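Encoded as structure tokens, the structure appears first; notes follow it.
There are 2 protein chains.
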Amino acid sequence: LRNWQRCMDNPGYRTGSFDGLHHPSDDDDDEMVDIAGATLDFSTTDDVPPLSSGNPAVTENSSAGVNGNGPTKLVDPLEDPVPGVGTYEDFNTIDWVREKSKDRDRHREITSKSRQSTVALLHSVSDAFSGWLLMLLVGLMSGALAGGIDISAHWLTDMKEGVCLNGFWFNHEHCCWTSNETTFQERDRCPQWKSWAELITGATEGPFAYIVNYLMYIVWALLFSFLAVTLVRAFAPYACGSGIPEIKTILSGFIIRGYLGKWTLIIKTITLVLAVSSGLSLGKEGPLVHVACCCANILCHLFTKYRKNEAKRREVLSAAAAVGVSVAFGAPIGGVLFSLEEVSYYFPLKTLWRSFFAALVAAFTLRSINPFGNSRLVLFYVEFHAPWHLLELAPFILLGIFGGLWGALFIRANIAWCRRRKSTRLGHYPIIEVLVVAGFTALLSYPNSYTRMSGAELISELFNDCSLLDSSQLCGYQQVKTGVGNTLADRPAGPGLYTALWQLALALVFKMMITVVTFGMKVPSGLFIPSMAVGAIAGRLLGVGMEQLAYYNHDWIIFKGWCSPGADCITPGLYAMVGAAACLGGVTRMTVSLVVIMFELTGGLEYIVPLMAATMTSKWVADAFGREGIYEAHIRLNGYPFLEPKEEFEHNSLAVDVMRPRRADPALAVLTQEGMTVGEVESTHYSGFPVVVSQESQRLVGFVLRRDLLISIDNARQRQEGVVSASQVVFTEHAPSQAPDAPPPLRLRGILDLSPFTVTDHTPMDITVDIFRKLGLRQCLVTHNGRLLGIITKKDILKHMAQIANRDPDSILFN
Amino acid sequence: LRNWQRCMDNPGYRTGSFDGLHHPSDDDDDEMVDIAGATLDFSTTDDVPPLSSGNPAVTENSSAGVNGNGPTKLVDPLEDPVPGVGTYEDFNTIDWVREKSKDRDRHREITSKSRQSTVALLHSVSDAFSGWLLMLLVGLMSGALAGGIDISAHWLTDMKEGVCLNGFWFNHEHCCWTSNETTFQERDRCPQWKSWAELITGATEGPFAYIVNYLMYIVWALLFSFLAVTLVRAFAPYACGSGIPEIKTILSGFIIRGYLGKWTLIIKTITLVLAVSSGLSLGKEGPLVHVACCCANILCHLFTKYRKNEAKRREVLSAAAAVGVSVAFGAPIGGVLFSLEEVSYYFPLKTLWRSFFAALVAAFTLRSINPFGNSRLVLFYVEFHAPWHLLELAPFILLGIFGGLWGALFIRANIAWCRRRKSTRLGHYPIIEVLVVAGFTALLSYPNSYTRMSGAELISELFNDCSLLDSSQLCGYQQVKTGVGNTLADRPAGPGLYTALWQLALALVFKMMITVVTFGMKVPSGLFIPSMAVGAIAGRLLGVGMEQLAYYNHDWIIFKGWCSPGADCITPGLYAMVGAAACLGGVTRMTVSLVVIMFELTGGLEYIVPLMAATMTSKWVADAFGREGIYEAHIRLNGYPFLEPKEEFEHNSLAVDVMRPRRADPALAVLTQEGMTVGEVESTHYSGFPVVVSQESQRLVGFVLRRDLLISIDNARQRQEGVVSASQVVFTEHAPSQAPDAPPPLRLRGILDLSPFTVTDHTPMDITVDIFRKLGLRQCLVTHNGRLLGIITKKDILKHMAQIANRDPDSILFN
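In order, the protein sequence lines correspond to chains A and B. Position 46, counted from 1, in the first sequence is what UniProt numbering calls 46; the numbers after and before it change by one each time, with no gaps. Position 158, counted from 1, in the second sequence is what UniProt numbering calls 158; the numbers after and before it change by one each time, with no gaps.
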């Protein structure tokens, strides 16, 4: 229930240590050194004892530095003397520099050993290839899971309408494969497939059968959604939502234990199928990214290299995000670019290659499973017959504006709704909320065939270019037998098409409304498909409008020359595709990756310019109303400690304005490199401390984490005789002379980080933020003229940024 | 001639300040602080005067920091008080942090002003869109230039064989467009097009005509290559080579003035056409990247934002590299990925979007010019009819191994040859060298039709899938009339094909040899086409071999089931494509971008797996022989200060091992923040100095460049009365008390960088190298327990890396 509470607060993490209050005893690294109180006095007498030329501490420290034993002892994972030192607590931020350094040390160790024996050489080779092997496994597992999800969702979606007599495990299409009916029209109603009305009452037609089917549809929708929300609630609260905001945060270095665990994977996979099948306005694409990341995280446990290193594991997770999109759309290159543009924080070239490999493996695994039954890799296969004309850029840009407006509006409405859910009693009844929304969705969507079909089917139909034999309502044109010109020429709309347009317009309004309340409920829910559906409907409507305009007014100057009668000049399906890209772009602010995904769907370079024009317009328009995409907005809503790499730091403050202690606070809590006792160290409050030469000089020696300190002292108590509270803690290389009756000193130089990052107090914050982002720091010490002055943590920066943006720093970050 | 000398030494830059010697008077920032001499004494008496609590300097310094006036004064480009401060000399490295900070200040200024007036608001809006406008212009200009180059090269290439009677400015194809001959076969020999033999002697057939044509071919080749090398020599020595190694170096922050200038652009464009037309074994793809970068650099001058900021300009250049590849292959996405994977150093997401936009604009400009006359965007349009079988992965991997071996071999041989050129007298006769190679190439390539045609034509023909009516020799199969199965079924090879195979084998050997000596000559020369040609030939040979093997042994177990008689199971054109990718991958070590380029050429996802398998194998095999691609190898050969972002720093040294001064050297040259005179400052030798509180305390205040110091002092002499050699130079916020008769002090805090980067002496070098790479530093100061100890420059790191790799640091970097 404790975990559930977390997801309820979405995520709140109130039970974690991440609440903005200063718990003296907690290990929150982000809290680090928070000081409030008296004025920091720069004018303290600076009484540095002159170092004699024979001072052993200094001389030997520097020689220790030269032979390179200092920090490597600390970070060597293979000979880590104290287990636990260098690990992280839940809800903390990792230190990228330390993790990467650890991995390099491990690699050096293996390389140097490999020259000694054949076994070690084999180990070295297997270590080098373990990354590729892991990628292969991630690709295979994610591809297989995605295939399973596709097949199950298809089956359960059909289950809402009827059942197969040959076996209830067949979906409508499979059920009718064995049917003898050969006509395409008739195959849809093969005798083996019974609608619920037929099965229960025997009636196939008429209002009574309709009502029975309608009711069964609603009952199934409620059942599926109830199962989904109950499973999430009972077993894996982290399985709710799309997961992309959390994955972005995790990739940036935050630790949320269990978010990518096996229970989350199992429950998310099952409930995703249920949620999609229940007919809610949500997609499976975002959650597939989460599923792929769970696979990657679990598979990481097979390899020491990735299990033990948080930075290396995040490289694998970045690749897994690419895999997720690759299997969601069948677009491996788009997936890699999505991971690069939208999700990842640290994306070295090596990860680019591996992501690409994994994405390909996953796409081909999925193709072998062949869930769509058409041997196609892609979710929506489109083939258009006519090229586009330069003048069509105007409607395409119009679609971009629509997409941008819708994106901005959707983000505002959704965030407002989610905030209401968190702040009012609504949030306490997630199951009822899901049931109400699911029931309402089913009630309203059944009568309209465009909302009744699944989002993916709808998009597929809207993207489709009408061929002559197409029986769909959208292709209900009047047959004009002119005998001249293109056989696919533009034709006037018939009554079927007019009905379809009305239904589409209603579906557009419905989808726009319902998606706002659906995204953020306690079931797995993706945004890609609903956003694309909205855009595709709008695009198709505009496309048909343009087509009819051109047909009836082909003598207008703008249509002259390229849209003569008998020419196939306007492709409404292309407008639907452009609209879908524009709306998805407005919501997520993706650009290049989105265009590439769309390009992979169609397989032609021809349509890049329309897509590019629409997505760019959409991004610009949406950015004018607020620079955050939906994922960033949810990250901020949930108060994750995420330092946005895209946003520029605009304010001209300096490091000294952001650092702790503030000017009115008491001085920074520091340890001295010698002279402190175990008791004094244990009674400290903050989770990390700079170590200085002496209180008077404030000259920085290194940085130590309280967690490492306590673990080491505990360990020393167990292994070493005579460690008492009065024992001296010594961070120098050699113990100072002591009174003969004093207990032996405890030497802890091994856990001291001898290379803490420092900036001067005059460093502009834009540079400091850049350093934090690029190097992945947790904290940075601030000096003035060589003396330690304060500390800046990632949290201080986030609070400062919130303050600048006129948001309350505490309510924003730690609600 | 001085410039010419530079290119002769390729680049040597001996005439610049970049020669590894310590010129006391030069401004080489990389030279910074180079000290040799006595032992560094850590044990100097550290006699810091205790600061009284009322010390005005310290108190006011910190308050100055708080109100934020300190460093912004220094870096504000709009109010730059002293012109010249903050600019760079030729052959220096830029400071990315300073440049980016400058741009952010400029942006802040514009934003804050925009609230005041409408004009300022318009300025702000135009400033925001200037980047996109610039991209549009770069795309248009590069696309137009590429189109011009394509058309001219086509024309001049045909000129070697004959001339059009309708007008000498028509190429063979254009000349025959108006011809009445309708047969495809006959169109090739239309009456308007006269070979040289026909024109001169009237003979169209026979050995005499052949010899005349042969001689004319050689004469034209010699003429074109002579013109190319002479133009390069006379006007723009930087126009030689492919330019990619230099562009990589420039993008990493080095300054080579004129390398991207207008003369280089003009001469490179002209000589590229000549070099390609001369029949030398080189391509125009690499040089097109250089041409696009020149365009971008020239267009940057239109916008203050980009003209004045070296970092912003490099963002544009990164995008231009994408544009270059986009127009070279007609592959915009591949171009962007090429820039990201291969060329760029700093590639933020904003640049990704803009690169993509520019690449698209360029591709469409090129398509409108339509240089290939087929309305296709891509250089090699391929359409294959048959899918590939999983078992074919074995030959594809074999091609990958071949590509990797050839890549490794080529790099070694080419580097050895280039080194020989630099070290022997060969390098003194570039014109003769080019003429000899061109003559030799023409002599050997004319008799073989596969070497006579241009590289692009050859690749195009090798990629081609044989249709039934294909008249090419490569499709010289026996006609088997079975009446069953696929009309494109595998057929036995006929005599035409056997001849073609022999010619191809000879062409393979010839291309492999001649490319080694061609790349690196003093003409514009790209590597893409020759490498791809080698791979395509090898691939086609293997493909035809496989095809015949499968045809004659279709009962073998490996062919059973997928290669029955009458089936079109093996596509030799696909093997050629895979081989081309493998060889290009082996030479350049590109992977993802290469696959995407190839994928854009074919427009089908189907062939990604074969391409990926081959390029990955090729990269692994080639990496086993040496981790450097051809561009990195040339960067190292030429001694550019390039810090490879891909390579991990493996050694476990510490900052103290790399920093200057070394342990046996005299102490670091520093300035004190007060107490030094103008005369003392002017007589200093190094190009940059840390400023400390006092010589005794060695507590760091900031960093100042000698160039800025001298400019400021000169400026002060002109504007301020009483600046003499005895004037005190003061870096503190407030001038100290002085004797009343002393000259007024010169206050230079404005040019002081108050936020220099520091690391501790114990920082592992892998972390330090990471910091240098990610932040783009030029130098970093080293402290020990808060006292200044030394300095590390980018050059120190490069020297250290060379030393670790057992290369002589001086000979490698500064030859």
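For every residue, glycine included, the Cβ atom is placed at its ideal position computed from N, Cα and C. Since the model is a prediction, treat every value here as computed from it, not as a measurement.
Query, Result
"Less than 8 Å between the beta carbons of Glu606 of chain A and Ala331 of chain A, yes or no?", "no"
"Mind listing the chain B neighbours of Arg787 of chain A? Cutoff is C-beta to C-beta under 9 Å, in chain order.", "Arg699 and Gly786"
"Can you name the residues of chain B whose CB is closer than 7 Å to the CB of Ser101 of chain A?", "Pro764, Asp766 and Ile767"
"Along the stretch 108-120 of chain B, where does the CB come closer than 9 Å to a CB of chain A? Name the residues.", "Arg108 and Thr111"
"Between Ile529 of chain B and Ile459 of chain B, how many whole angstroms is the CB-CB distance? I'm expecting something under 8 Å.", "7 Å"
"Between which residues of its own chain and Ala328 of chain A is the CB-CB distance below 6 Å, once the five residues before and five after are set aside?", "Glu285 and Leu288"
"To the nearest angstrom, how far is the alpha carbon of Ile200 of chain A from that of Pro447 of chain A?", "20 Å"
"Pull out every residue of the stretch 637-663 of chain A whose Cβ sits closer than 9 Å to any Cβ of chain B, in chain order.", "Pro645, Lys646, Glu648, Phe649, Glu650, His651, Asn652, Ser653, Leu654, Ala655, Val656, Asp657 and Arg663"
"At a CB-CB cut-off below 8 Å, which residues of chain C make contact with Met612 of chain A?", "Chain labels in this structure do not include chain C; the protein chains are A and B."
"Should residue 840 of chain B be labelled buried (16 or more other beta-carbon atoms within 10 Å of its own) or exposed?", "Chain B is shown only over 1 to 815; residue 840 of chain B falls outside these bounds and no answer can be derived."
"Using the three-state DSSP reduction, which class does Cys240 of chain A fall into: helix, strand or coil?", "coil"
"Can you tell which of A:Val291, A:Leu133, A:Tyr498 and A:Ala128 has the C-alpha that lies nearest to the C-alpha of Ser114 of chain A?", "A:Ala128"
"At 8 Å on the CB atoms, spell out the chain B contacts of Phe364 of chain A, in chain order.", "Val609"
"Return the bridge partner residues of Gly702 of chain B from the DSSP annotation.", "B:Val691"
"Look at Ala386 of chain A and Asp568 of chain A and say whether their C-beta atoms are less than 8 Å apart.", "yes"
"Is DSSP giving Gly162 of chain B helix, strand or coil here?", "strand"
"In this structure, what does DSSP give as the bridge partners for Ser195 of chain A?", "A:Gly162"
"Along chain B, which residues have their Cβ under 8 Å away from the Cβ of Arg106 of chain A?", "What Arg106 of chain A touches in chain B: nothing, since even the nearest Cβ is about 12 Å away."
"Are the C-beta atoms of Leu754 of chain A and some chain B residue less than 8 Å apart?", "yes"
"Distance cutoff 8 Å, beta carbons only. Does Glu674 of chain A sit that close to anything in chain B?", "no"
"Which same chain residues end up closer than 6 Å to Ile369 of chain B when comparing Cβ atoms and leaving out the 5 residues on each side of it in sequence?", "Gly147"
"Measuring CA to CA, which of A:Gln192, A:Ser344 and A:Ala239 is closest to Val523 of chain A?", "A:Ala239"
"Tell me, please, whether the stretch 537-553 of chain B touches the stretch 293-309 of chain B by the rule of three or more beta-carbon pairs shorter than 8 Å.", "no"
"How do the stretch 245-254 of chain A and the stretch 407-419 of chain A stand: do at least 3 beta-carbon pairs fall below 8 Å, yes or no?", "no"
"Give the residues from the stretch 571-592 of chain B that approach chain A closer than 7 Å (Cβ to any Cβ), ordered along the chain.", "Thr591 and Val592"
"Using C-beta distances below 6 Å, list every residue in its chain close to Gln698 of chain B, excluding the 5 sequence neighbours before and after it, in chain order.", "Val692, Arg787 and Leu788"
"Leaving out five residues before and five after Pro11 of chain B in sequence, what residues of the same chain have Cβ atoms less than 7 Å from its Cβ?", "With a pLDDT of 35 at Pro11 of chain B, under the threshold of 50, the modelled position of this residue cannot be trusted; read the value that follows with caution. Closer than 7 Å at Cβ, skipping near neighbours: Asn638."
"Rounded to the nearest angstrom, what separates Arg662 of chain B and Pro641 of chain B at their Cα positions?", "21 Å"
"What's the C-alpha gap between Leu710 of chain B and Glu682 of chain B?", "7 Å"
"Quick check: what's the CA-CA separation for residue 845 of chain A versus Tyr88 of chain A?", "Because residue 845 of chain A is not part of the residues shown, which for chain A are 1 to 815, the question remains open."
"If you follow the beta strand (DSSP E) that Ile558 of chain A is part of, which residue opens it and which one closes it?", "First-last for Ile558 of chain A: undefined, no H or E at that position."
"Could you check how far apart the C-beta atoms of Arg706 of chain B and Thr732 of chain B are, in whole angstroms? I think they sit under 8 Å.", "That pair is no contact at about 20 Å."
"Tell me whether Tyr575 of chain A sits in a helix, a strand or coil according to DSSP, three-state version.", "helix"
"In the DSSP output, what is Pro524 of chain A paired with across the bridge?", "A:Gly241"
"Within its chain, find whatever has a CB closer than 8 Å to the CB of Val382 of chain B; leave out the 5 residues flanking it on each side and keep chain order.", "Phe463, Asn464, Asp465, Gly573, Met577, Leu601 and Thr602"
"DSSP three-state call for Met676 of chain B: helix, strand or coil?", "strand"
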